Amino acid sequence: MTMSQGSFARASTTDTPGRLRLFAAIVCALLLGAGDARAEDPSAQARHINPQRLQATLEKLSEFGRNPEGGVTRLGFSQTDLDARAYVTSLMQCAGLEVRVDPAGNIYGWCEGPEPLPKLLFGSHIDSVPHGGNFDGPLGSLGDIEVIRALNDGAIPTRNPLEVVIWTNEEGPHFGISALGSGVAAGELGAEILGRRDDDGLTVADWLRRYGQDPARLTDARIAPGALAAILELHIEQGPVLDENKVQIGVVSGIVSLKRWKCLTTGLANHAGTTPMNRRKDALAAAAKHLLALRDVVRAETGTQVGTVGYMKAEPGAPNVIPLPPLEAHNSVYDPDLNLALLENRSLLDMQFEDRGAWRDARIGQMRGVLSITAQPVGYGCPSSS
Numbered sequence: 399m400t401m402s403q404g405s406f407a408r409a410s411t412t413d414t415p416g417r418l419r420l421f422a423a424i425v426c427a428l429l430l431g432a433g434d435a436r437a438e439d440p441s442a443q444a445r446h447i448n449p450q451r452l453q454a455t456l457e458k459l460s461e462f463g464r465n466p467e468g469g470v471t472r473l474g475f476s477q478t479d480l481d482a483r484a485y486v487t488s489l490m491q492c493a494g495l496e497v498r499v500d501p502a503g504n505i506y507g508w509c510e511g512p513e514p515l516p517k518l519l520f521g522s523h524i525d526s527v528p529h530g531g532n533f534d535g536p537l538g539s540l541g542d543i544e545v546i547r548a549l550n551d552g553a554i555p556t557r558n559p560l561e562v563v564i565w566t567n568e569e570g571p572h573f574g575i576s577a578l579g580s581g582v583a584a585g586e587l588g589a590e591i592l593g594r595r596d597d598d599g600l601t602v603a604d605w606l607r608r609y610g611q612d613p614a615r616l617t618d619a620r621i622a623p624g625a626l627a628a629i630l631e632l633h634i635e636q637g638p639v640l641d642e643n644k645v646q647i648g649v650v651s652g653i654v655s656l657k658r659w660k661c662l663t664t665g666l667a668n669h670a671g672t673t674p675m676n677r678r679k680d681a682l683a684a685a686a687k688h689l690l691a692l693r694d695v696v697r698a699e700t701g702t703q704v705g706t707v708g709y710m711k712a713e714p715g716a717p718n719v720i721p722l723p724p725l726e727a728h729n730s731v732y733d734p735d736l737n738l739a740l741l742e743n744r745s746l747l748d749m750q751f752e753d754r755g756a757w758r759d760a761r762i763g764q765m766r767g768v769l770s771i772t773a774q775p776v777g778y779g780c781p782s783s784s
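Per the working numbering, residue 399 is the first one in the sequence shown, and the count goes up by one each step.
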């Protein structure tokens, strides 16, 4: 489920309590709709949400990694992340949850149900991208803890056991591995990631040890098939569509597929002032051609696919030096229409490039289910948002 990013930006000024109540109430309705049919009407459950309490926790979390110019930098596998995790763990414990940390570093807060049914897992992440916002991840994480508090305050029962999760290193800029904790939990990532190194030379295994975990047990973090009744996440939209259409909530019906490349551009370093243009082998110029080619190929096809070059590193980074090869670039194509094969056939990488590891996430569709059924009782329209 996604909410308008612009709406939440406005919520931080004049209408925070009302909007926080809306978002948390919908999560509460989802949980109870999938749980106890005997529970009170979801519109009444919204009264138990304490938006001031939720706002206070969001503001407190934003202090961990706050940038002087605004926003937060709270990278996964960092001391700032460790400090924020300790704070969120304390919130879980105060909400009466039984807290555990799995071998991938994912934090779980367990609430026992009266019947031996599959648990309902819901949550998000608290790590950020560099210079990120305070709601990408924290809204779903702290909002769901507020739901547990609201259930406690209202003495509202649910049949299914409930478990709040905080995924580890979801954003992934630290090691270039996004969705690390959730990927291990889903069985998509395993021991092959343990040797990946960051810019300081530390490996994933090193950081897991700092998080108090045994890297040798990493695959024990996988969630057993059949253990879950459903997984829910409340998240900001991260786009303009809902806000431009004055829609507060969108029910996600699918997730785009992803193809990502890490490319090295070859060339020849030399002095910028004395090397003739016709004698240059400029790796940065070749990378720039690749950036434009990616844009042109994506735009040339019908559909809503998008392409991005999100990172480029040139050495030594001096204005009087033609860059040293190899030059590294990270590129990605998000494609909701499954045209990735078509894009690949357009010779996207047919230049001075060496493909240094590409991976793909398949599209996940048909996710409405419990979301669309339970979103309406709280009294808000919730169109789909693919």
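Backbone N, C-alpha and C define an ideal beta-carbon position, used for all residues, glycine too.
These figures come from a predicted structure and were not determined experimentally.
- Message: DSSP three-state label for Arg620, please.
- Response: coil
- Query: Quick one: what's got a C-beta closer than 6 angstroms to Trp565's C-beta in the same chain, skipping five residues either side?
  - Reply: Asn504, His523, Gly579 and Ser580
- When the Cα of Ala685 is compared with those of Ser488, Leu722 and Pro559, which residue comes out closest? Leu722
- Query: Using 8 angstroms as the threshold, is the segment 481–494 in touch with the segment 595–606, meaning 3 or more CB pairs across them?
  - Reply: no
- Are at least three pairs of beta-carbons, each pair with one atom in the segment 550–558 and one in the segment 592–601, less than 8 angstroms apart? no
- Between the Cα of Ile543 and those of Gly530, Trp508, Lys517 and Pro516, spot the shortest distance and give me the residue it belongs to. Trp508
- Item | Gly469 to Lys644 span [Cα, whole Å] | 25 angstroms
- Message: If you reduce the DSSP assignment to three classes, tell me which class Leu606 lands in.
- Response: helix
- Message: Please identify the residue among Ala698, Arg547, Thr471 and Ala667 whose C-alpha is closest to the C-alpha of Ala716.
- Response: Ala667
- Item | Beta-bridge pairing of Phe601 - partner residues as DSSP gives them | The question names Phe, yet the displayed sequence has Thr at residue 601. For Thr601, which the question treats as bridged, DSSP gives the partners Arg595.
- Task: Thinking Val582 and Ala502 are a contact (beta carbons under 8 angstroms), I'd like their distance in whole angstroms, please.
- Result: 4 angstroms
- Item | Nearest-angstrom beta carbon gap, Arg620 and Gly570 [assumed within contact, 8 angstroms] | About 19 angstroms separates the two Cβ atoms, so there is no contact after all.
- Compute the Euclidean distance between the alpha carbons of Ala454 and Leu630, then round it to the nearest angstrom. 23 angstroms
- Taking the beta strand (DSSP E) that Lys679 falls in, what are its first and last residues? Note, Lys679: premise wrong, no beta strand (DSSP E); not H, not E.
- Whole-Å CB distance - Asn532 paired with Ser476, under 8 angstroms assumed: Wrong, their Cβ atoms sit about 16 angstroms apart, outside the cutoff.
- Task: Leaving aside the five residues before and after Arg451 along the sequence, list all residues of the same chain whose C-beta is less than 8 angstroms from its C-beta, in chain order.
- Result: Glu544 and Arg547
- Decide if Arg472 is buried, meaning its Cβ has at least 16 other Cβ atoms within 10 Å, or exposed. buried
- Task: Determine the DSSP secondary structure at Lys644, reduced to helix, strand or coil.
- Result: coil
- Would you mind reading off the limits of the alpha helix (DSSP H) that contains Ile546? Pro536 to Asp551
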